[in-house]
Structures are given as C-alpha cells and as structure tokens.
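Q:
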Amino acid sequence: MKHIIIGTAGHIDHGKTTLIKALTGRNTDRWEEEQRRGITIDLGFTYFDLPNGDRAGIIDVPGHERFINNMVAGVVGMDLVMLVIAADEGIMPQTREHMDILGELGIEKSIIVLNKCDLVDEEWMELVEEEVREELHGTFLENAPIVKVSAATGEGLPDLIDTIQRMTENEVTEKDIHTIPRLPIDRAFTISGFGTIITGTLLAGTIRKEDTLCMYPIGKECKIRNIQVHGENVDVCYAGQRVAINLSNIKKSEIKRGCVLAPPKNMKNTDLLDVRLNVLPSSMRILTNNARLHLFTGTSEVLCRAVLLDKEEIGPGESGFVQLRLEEEIAVRRGDRFVVRFYSPMETIGGGVILEPNPKWKKRFQPDVIEELKKKESGSSADVIELHIRQHDKTMVTVAELAKITALAPEEVEEDVKELQAAGQIHVFPMKKDTYVWHRSSQESMTESILKELEGFHKAHPYRPGMPKAEVHMRFMKQVKPNVFDMYIEMLINEGKIGRSGEYLHAPAYEIPKDAVFEKASRTILETFEKAGYDFVRFSEIVFPKLPDGVKEDVLQVLISDGTVVKINDEMYTLASYMEKAKAKIIEKLQKDGLITIAEVRDMFGTSRKSAKPILEYMDSQKVTKKTGAESERVAYL
Numbered sequence: 163m164k165h166i167i168i169g170t171a172g173h174i175d176h177g178k179t180t181l182i183k184a185l186t187g188r189n190t191d192r193w194e195e196e197q198r199r200g201i202t203i204d205l206g207f208t209y210f211d212l213p214n215g216d217r218a219g220i221i222d223v224p225g226h227e228r229f230i231n232n233m234v235a236g237v238v239g240m241d242l243v244m245l246v247i248a249a250d251e252g253i254m255p256q257t258r259e260h261m262d263i264l265g266e267l268g269i270e271k272s273i274i275v276l277n278k279c280d281l282v283d284e285e286w287m288e289l290v291e292e293e294v295r296e297e298l299h300g301t302f303l304e305n306a307p308i309v310k311v312s313a314a315t316g317e318g319l320p321d322l323i324d325t326i327q328r329m330t331e332n333e334v335t336e337k338d339i340h341t342i343p344r345l346p347i348d349r350a351f352t353i354s355g356f357g358t359i360i361t362g363t364l365l366a367g368t369i370r371k372e373d374t375l376c377m378y379p380i381g382k383e384c385k386i387r388n389i390q391v392h393g394e395n396v397d398v399c400y401a402g403q404r405v406a407i408n409l410s411n412i413k414k415s416e417i418k419r420g421c422v423l424a425p426p427k428n429m430k431n432t433d434l435l436d437v438r439l440n441v442l443p444s445s446m447r448i449l450t451n452n453a454r455l456h457l458f459t460g461t462s463e464v465l466c467r468a469v470l471l472d473k474e475e476i477g478p479g480e481s482g483f484v485q486l487r488l489e490e491e492i493a494v495r496r497g498d499r500f501v502v503r504f505y506s507p508m509e510t511i512g513g514g515v516i517l518e519p520n521p522k523w524k525k526r527f528q529p530d531v532i533e534e535l536k537k538k539e540s541g542s543s544a545d546v547i548e549l550h551i552r553q554h555d556k557t558m559v560t561v562a563e564l565a566k567i568t569a570l571a572p573e574e575v576e577e578d579v580k581e582l583q584a585a586g587q588i589h590v591f592p593m594k595k596d597t598y599v600w601h602r603s604s605q606e607s608m609t610e611s612i613l614k615e616l617e618g619f620h621k622a623h624p625y626r627p628g629m630p631k632a633e634v635h636m637r638f639m640k641q642v643k644p645n646v647f648d649m650y651i652e653m654l655i656n657e658g659k660i661g662r663s664g665e666y667l668h669a670p671a672y673e674i675p676k677d678a679v680f681e682k683a684s685r686t687i688l689e690t691f692e693k694a695g696y697d698f699v700r701f702s703e704i705v706f707p708k709l710p711d712g713v714k715e716d717v718l719q720v721l722i723s724d725g726t727v728v729k730i731n732d733e734m735y736t737l738a739s740y741m742e743k744a745k746a747k748i749i750e751k752l753q754k755d756g757l758i759t760i761a762e763v764r765d766m767f768g769t770s771r772k773s774a775k776p777i778l779e780y781m782d783s784q785k786v787t788k789k790t791g792a793e794s795e796r797v798a799y800l
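In terms of the numbering used here, the sequence shown opens at residue 163 and continues consecutively.
And the structure:
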C-alpha cells in the first residue's frame with residue numbers, strides 16, 4: 163500500500179474544508195474558533211482510501227493571508243496539491259499567492275479543482291475555465307488537469323477520486339525510507355496520561371517505537387514511546403506518512419513549530435544559509451542587499467537578512483545567489499525549498515532552494531564563492547561532500563561530521579567518500595571510532611610545507627637526524643589527533659616523500675654530512691671518551707676546537723644514534739664498546755657470587771666511586787642489575 167500526502171490550496175471560502183469533508187466524511191476544522199468563523203486557521207488532517215487500496219492523507223491548508231505560515235508548513239512533504247477555485251468567483255488574490263508559494267516550494271503534481279459548480283451555469287463555467295487556463299499559462303500548473311465538482315452536492319467527486327488515483331499511481335515517486343529519518347514538527351500538544359505528542363509528515367527514512375531521536379534545534383534527545391498513523395497505533399512509520407508520535411523526556415513547552423526530529427548527531431543547527439533565491443515575476447518588489455525578510459522553510463518561520471552575493475539587486479522574474487543570515491537557529495538540509503516574504507508589509511516575494519545549510523560567512527562578489535555555489539547547485543551529493551572536505555584543509559574531517567553538516571545518512575556519505583577516493587580526489591584515514599578524510603590538494607599543500615620546513619631545518623642544523631615528529635605535528639597539524647597524524651606520516655614514508663630516523667623526520671634523500679666539521683667534532687668526542695676509559699668525563703668539560711654553535715651537541719646525538727656512544731646519565735657519556743665489556747664482566751661476577759657492590763665495580767674497572775656508581779645505575783636501566791635494598795649493592799635483574 164502506497165502512502166500519499168495530498169494538500170489543498172486556494173482562497174478563503176472557496177470550499178477546501180468542505181471538499182475534504184465530502185471526500186473523507188470528516189471535518190478538519192479542529193478548533194472552536196475555526197468552526198465558529200468558518201475558516202481554517204491551523205492545519206487540519208484526515209485521510210481516505212483510494213479504490214486501489216492506497217491511503218491518501220489529506221491536509222487542509224489555511225487560505226487566509228494571515229495564516230500563510232501555516233500554509234507553508236502544510237506543504238512540507240506533500241505529493242500532490244489540489245488547488246481549489248470557486249467557480250462563482252474564479253482566481254482570487256490568495257489563490258495567486260498560494261500558486262506562487264507552491265511553485266517555489268517545488269510542488270510539481272497538482273489538480274485544479276473547480277468547486278461550487280452547482281452555483282453557476284454552463285456558460286459561466288466555460289468562462290471561468292478559460293480564465294483559469296490563461297492565468298496558469300507559463301506556470302508549473304499549466305498542464306494540471308481540471309476537475310469540476312460540487313463539494314456540497316457530491317457532483318464530480320468520483321472523477322476527482324479517479325484523477326487522484328491515476329496521478330498517484332503513475333506520477334508520484336515513493337519517498338526514500340532507507341535514509342536518515344527527518345520529521346518537521348507542525349504541531350505539539352499534551353494529552354493527560356500520555357505526555358507530549360507531536361505531529362508532522364515524515365519526509366524521509368523510518369521511525370520505530372523505542373528509537374532515540376534528537377529534537378533540533380534545541381538539541382534534546384527523546385525516546386519514541388508510541389506512534390500513530392491515521393489514528394492507529396503502529397510499531398513503525400515510513401517516509402510519506404502523516405504521523406503522531408508520543409515522546410518521553412521532553413516537554414511541550416520546549417517544542418515549537420520549526421523543530422525537526424532526526425537521529426542524534428545527524429543534523430547541525432545553523433543561522434546561515436546559502437541559497438538560490440528567485441523573485442516572483444508577479445512581485446512588485448525589488449530585493450536589495452541586506453533586506454529584512456521572513457523565511458519559511460519546512461515548518462520554520464524565522465526573520466533574516468538577505469545578503470546578495472552576485473548582484474546589487476534582484477528584480478521580478480530574476481534570481482541570484484544569496485546568503486540568508488538568520489536571527490535564530492534552525493536545522494535544514496541541502497535541497498530543502500523555502501519561501502520569503504517582506505518584513506513589512508507581509509507580502510510573498512519569492513523563494514528557492516537551499517544550496518548549503520551550514521556555510522561560512524561570505525563576502526559579496528567573490529569569484530571563488532560564486533563558483534563554489536554554482537557547483538553546489540548543479541553537482542551531486544559527492545560534489546558537495548568534496549567541497550566540504552576541501553574546506554577542512556588543515557584539520558581533516560570525519561565521515562560522522564560530514565553526515566552532520568549535510569544531514570545525510572552516514573551510509574550515504576560513506577558511498578560518496580568511496581567514490582571520491584576511487585577518483586583520487588581525497589585521502590582516507592580509517593580509525594577505530596571514525597574515518598578521517600582529507601582533500602588531496604590540501605594534503606599535497608601540507609606535504610609541500612612540511613618538506614620546505616625540513617629542508618630549512620637541515621640547513622640550520624646539518625648534523626641533526628631531522629626534526630622531531632612531535633614538533634612537526636604541533637607546528638603544522640596540532641588540531642589533528644596524533645594517531646591520525648601518524649597515519650599520514652606513514653603514508654608519506656611509504657610513498658618516499660619524507661624519511662624517518664626513529665622519532666625524527668627528514669627530507670627523503672637527506673643524510674648527515676660527514677664533512678670536515680663533523681669529523682673534527684666526532685674525533686674530539688671519541689678520543690676524549692677513549693682516553694678517559696672508565697674515569698668518565700662530563701660532556702660539558704670536553705675542550706673542543708672552534709666549532710659553530712650547537713655542532714658538538716648535534717654530533718654527539720649522531721654518535722648515540724648510530725650506536726657508537728651511549729648515554730650514562732644527563733652529564734656523562736662513553737663508548738658503547740666500553741659499556742658492553744663492563745656488562746659482560748658484571749654478568750660474570752653476578753653468576754659467580756650473586757651480588758656486586760659499588761666498591762667491587764670501582765676495583766674491577768680501576769676507577770673512582772664517582773664513576774663506579776653511574777656504571778651500576780646504567781646497568782639498572784639496561785635491566786642487567788637491580789637494587790637489593792642497600793644503596794651500594796646489586797643483584798642480577800632476573
């Protein structure tokens with residue numbers, strides 16, 4: 163069974179509510195004031211079953227000018243709209259405004275219902291039908307079927323039902339139930355004993371009983387206690403259905419029209435929107451930069467300023483790229499439609515489509531900005547993902563964050579990421595909890611900067627093995643997690659773009675020059691250590707020939723790195739061969755006697771106590787010996 167959402171539109175008193183009652187047998191005017199005044203103020207909902215078994219939910223949308231915000235809210239998620247025109251009056255001002263709103267909100271499937279046919283003669287009916295066709299020429303409604311009915315007498319209703327069934331069978335595409343669920347809230351109320359109830363049209367995905375979802379933009383998680391579709395309790399509801407949901411952990415006072423129910427961390431609040439904005443051909447207004455407007459999108463109504471990015475002004479029938487700067491946060495996604503009205507007087511002037519729901523603050527008349535928006539307007543979701551990845555040039559971005567920014571399902575983002583990776587446009591760094599992605603151009607630029615820094619480092623410090631990896635991380639990519647940075651460095655090493663010596667990074671072909679300066683410092687160090695034997699000298703006490711600043715320390719580190727010299731403590735160093743001999747003698751002594759003292763070490767190597775103690779401490783660090791309790795005694799480590 164296909165679930166269809168049908169809406170009504172048209173001028174006040176043209177019989178929308180009466181028509182719905184004739185189709186369904188139910189009155190959608192819920193409030194006492196609505197019934198007393200005979201007009202629809204808020205959205206009314208009901209349903210009826212088509213002859214083929216499909217269920218058509220039907221929304222009664224207000225026609226009065228004062229209730230345009232409710233009208234826009236009602237259009238959300240509609241598959242088909244019936245534009246109701248009274249035969250005795252023809253097209254009226256609100257009819258035209260509703261037509262404009264439907265067009266800007268992307269409604270494509272419509273039926274023109276000429277109601278109250280019982281009040282006019284055949285000749286008048288022909289005149290009205292001709293007038294309607296002329297008025298609709300050039301609009302999205304010009305090819306819409308016209309059905310003549312009388313909601314009061316029932317005349318023409320079978321033809322209307324047949325037309326609805328034919329259009330919904332052949333022309334309405336079923337909504338995607340496999341993406342993330344998204345439910346804009348158009349009504350919230352409380353029922354004693356149950357708590358908070360919300361209603362809306364499920365635009366996408368699936369919601370199940372016991373699911374935990376998040377209410378945006380307030381950011382509060384709530385659990386699904388119960389679901390009703392057309393008054394019946396169900397365990398699951400699908401995109402395209404009108405639903406009422408009982409929520410726990412949230413109060414009615416916290417919810418307002420414009421809130422959206424979706425999975426946690428799958429949408430991101432915004433107070434900026436990049437849009438393509440169209441000014442209606444029928445508008446008497448010219449949109450100028452920084453104009454204050456009412457924005458209607460989904461079930462939201464917020465005030466905003468319109469910053470024109472590519473034009474000085476947008477006149478009737480024209481369009482342009484605009485950044486809307488909102489006075490409060492909302493949650494939307496790319497591709498959502500919107501309508502804008504002037505701040506005062508409240509008059510519909512146009513609408514369009516959201517190109518970027520989470521943009522950065524933009525300046526006017528910037529060629530790169532315009533090019534980016536053109537790509538977002540015409541490109542696929544993968545193109546948009548690629549642009550977002552490009553914007554995170556120094557930080558990388560996770561698949562989870564991309565899903566949140568774009569309001570796409572993580573699975574959809576993952577598919578786009580695979581496509582971009584296969585095309586060589588991005589690099590992917592999979593971690594345990596999430597996957598990080600980086601644009602290839604950003605990575606190449608960063609690699610070039612790091613290599614330039616390393617080459618400069620080698621010139622300044624020619625006798626060092628390279629720059630410490632931790633220093634490179636902090637200087638260039640401190641916002642990137644260390645384990646992700648490590649994966650990036652491993653990639654560069656495997657590609658031969660940089661080299662590594664332990665925890666030092668260097669240019670790929672770099673080798674420490676064993677030149678005359680190096681040899682002079684190296685010879686001084688080695689000869690001093692060899693001459694000293696086990697009577698260790700402090701490094702600071704070695705007398706060197708005249709050398710550039712820092713060279714002796716750098717050469718010492720090279721000798722340690724290649725295993726020629728070992729560090730005994732912060733002040734003392736010696737030849738590695740000496741300590742290997744000492745190690746063998748100490749092990750032999752321990753195997754024979756099981757114990758060795760500082761005094762015995764002193765006598766064993768013919769040195770002083772000042773040097774004997776560091777020898778044992780070094781052996782402790784190498785896990786050859788360990789203390790027994792007395793400061794001067796050692797036993798074998800194992």
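We put the beta carbon where it would ideally sit given N, CA and C, even for glycine. Owing to the predicted nature of the structure, the values given are computational and were not obtained by experimental measurement.
Contact between the region 422-439 and the region 388-404: three or more CB pairs below 8 angstroms?
A: At 8 angstroms Cβ cutoff, the stretches do not touch.
Q: Can we say the region 495-509 touches the region 442-459, given the rule of at least three CB pairs closer than 8 angstroms?
A: These segments touch.
Q: By how many angstroms is the C-alpha of M240 removed from the C-alpha of A314?
A: So the alpha carbons of these two residues sit roughly 25 angstroms apart.
Q: Could you work out which residue in R487, T450, K473, A746 is closest to I511 when comparing CA atoms only?
A: If we check each option's Cα against that of I511, T450 comes out closest.
Q: Starting from V713, trace the alpha helix (DSSP H) in both directions and tell me its first and last residue.
A: V713 -> alpha helix (DSSP H) spans 713-723.
Q: Which whole-angstrom value describes the C-beta separation of H601 and I588, a residue pair presumed to lie in contact below a C-beta threshold of 8 angstroms?
A: Confirmed, about 6 angstroms.
Q: Under a three-way DSSP split, which group does Y505 fall into?
A: DSSP places Y505 in coil when its eight states are reduced to three.
Q: Classify M377 as helix, strand or coil using the three-state DSSP reduction.
A: M377: strand per DSSP, three-state reduction.
Q: Per DSSP, Y209 is paired with what?
A: Note: Y209 sits in a beta bridge opposite G219.
Q: According to the Cβ coordinates, are F351 and K414 closer than 8 angstroms?
A: The answer is yes: Cβ separation under 8 angstroms.
Q: In whole angstroms, what separates the C-alpha of E657 from that of E574?
A: Approximately 30 angstroms between the Cα atoms of the pair.
Q: Below 8 angstroms, can you find three or more Cβ-Cβ pairs linking the region 433-450 to the region 361-372?
A: Counting Cβ pairs under 8 angstroms, fewer than three are found: no touch.
Q: When DSSP builds the beta bridges, which residues end up paired with G514?
A: G514 pairs with L439, F500.
Q: From E463 to L470, what distance separates their C-alpha atoms?
A: If you take the alpha carbons of E463 and L470, they lie about 20 angstroms apart.
Q: Is it buried or exposed, V705, if we count other Cβ atoms within 10 angstroms and call 16 or more buried?
A: That one is exposed.
Q: In terms of DSSP beta bridges, what is N395 paired with?
A: Paired residue(s): Q390.
Q: So, using beta-carbon positions, are F767 and M734 closer together than 8 angstroms?
A: No.
Q: Please give me, in chain order, every unbroken run of the alpha helix (DSSP H) with length at least 4 that falls completely inside the region 755-780.
A: List check, alpha helix (DSSP H) in window: 760-766.
Q: Skipping 5 residues on each side, what residues in its chain have a beta carbon closer than 6 angstroms to that of K164?
A: Closer than 6 angstroms at the Cβ level, and outside the excluded window around K164, lie D216.
Q: Specify whether the region 526-546 and the region 619-638 touch according to this definition: at least 3 beta carbon pairs, one from each stretch, less than 8 angstroms apart.
A: The answer is no - the region 619-638 does not touch the region 526-546, with fewer than three Cβ pairs under 8 angstroms.
Q: Could you tell me whether the region 590-606 touches the region 535-546, where touching means 3 or more Cβ pairs closer than 8 angstroms?
A: The region 590-606 is not in contact with the region 535-546.
Q: In whole angstroms, what separates the C-alpha of G628 from that of E673?
A: Roughly 9 angstroms between the two C-alpha positions.
Q: Within 10 Å of its beta-carbon, does Q641 have 16 or more other beta-carbons around it, so buried, or fewer, so exposed?
A: The residue in question, Q641, is exposed, as its Cβ has fewer than 16 Cβ neighbours within 10 Å.
Q: Mapping DSSP to helix, strand and coil, what is N332?
A: Three-state result, N332: helix.
Q: Please report the distance separating the alpha-carbon of K382 from that of V405.
A: The alpha-carbon atoms of K382 and V405 are separated by roughly 20 angstroms.
Q: Excluding sequence positions up to five away, which residues of its chain have a Cβ less than 8 angstroms from the Cβ of Y209?
A: For Y209, where only same-chain residues beyond five positions count, the Cβ hits under 8 angstroms are T186, R217, A218, G219, I220, H392, R404.
Q: Mark F647 as exposed unless 16 or more other C-beta atoms lie within 10 angstroms of its C-beta, in which case mark it buried.
A: Looking at its Cβ environment, which holds 16 or more other Cβ atoms inside 10 Å, F647 is buried.
Q: When burial is assigned at 16 or more other CB atoms within 10 Å of the CB, is R228 buried or exposed?
A: Low per-residue confidence applies at R228: pLDDT is 45, beneath 50, and the placement is therefore not dependable, though the value from the model is reported in the following sentence. Classification of R228: exposed, given that the 10 Å Cβ count is below 16.
Q: So for K621, helix, strand or coil by DSSP?
A: Of the three classes helix, strand and coil, the one that applies to K621 here is helix, per DSSP.
Q: Taking the alpha-carbon positions, what's the E793 to I748 distance?
A: Straight-line Cα distance between these residues: approximately 17 angstroms.
Q: Pull up the DSSP beta-bridge partners for H589, would you.
A: H589 pairs with W600.
Q: Within 10 angstroms of the Cβ of D262, are there 16 or more other Cβ atoms? Answer buried if so, exposed if not.
A: Buried, by the Cβ-count rule.
Q: By how many angstroms is the C-alpha of P529 removed from the C-alpha of D716?
A: About 50 angstroms.
Q: Less than 8 angstroms between the beta carbons of V311 and E317, yes or no?
A: Yes.
Q: Return the CA-CA distance between K772 and L667, expressed in angstroms with no decimal places.
A: In a straight line, the C-alpha of K772 is about 38 angstroms away from that of L667.
Q: Checking the sheet assignment: what are the DSSP bridge partners for R467?
A: Beta-bridge pairing links R467 to R454, R487.
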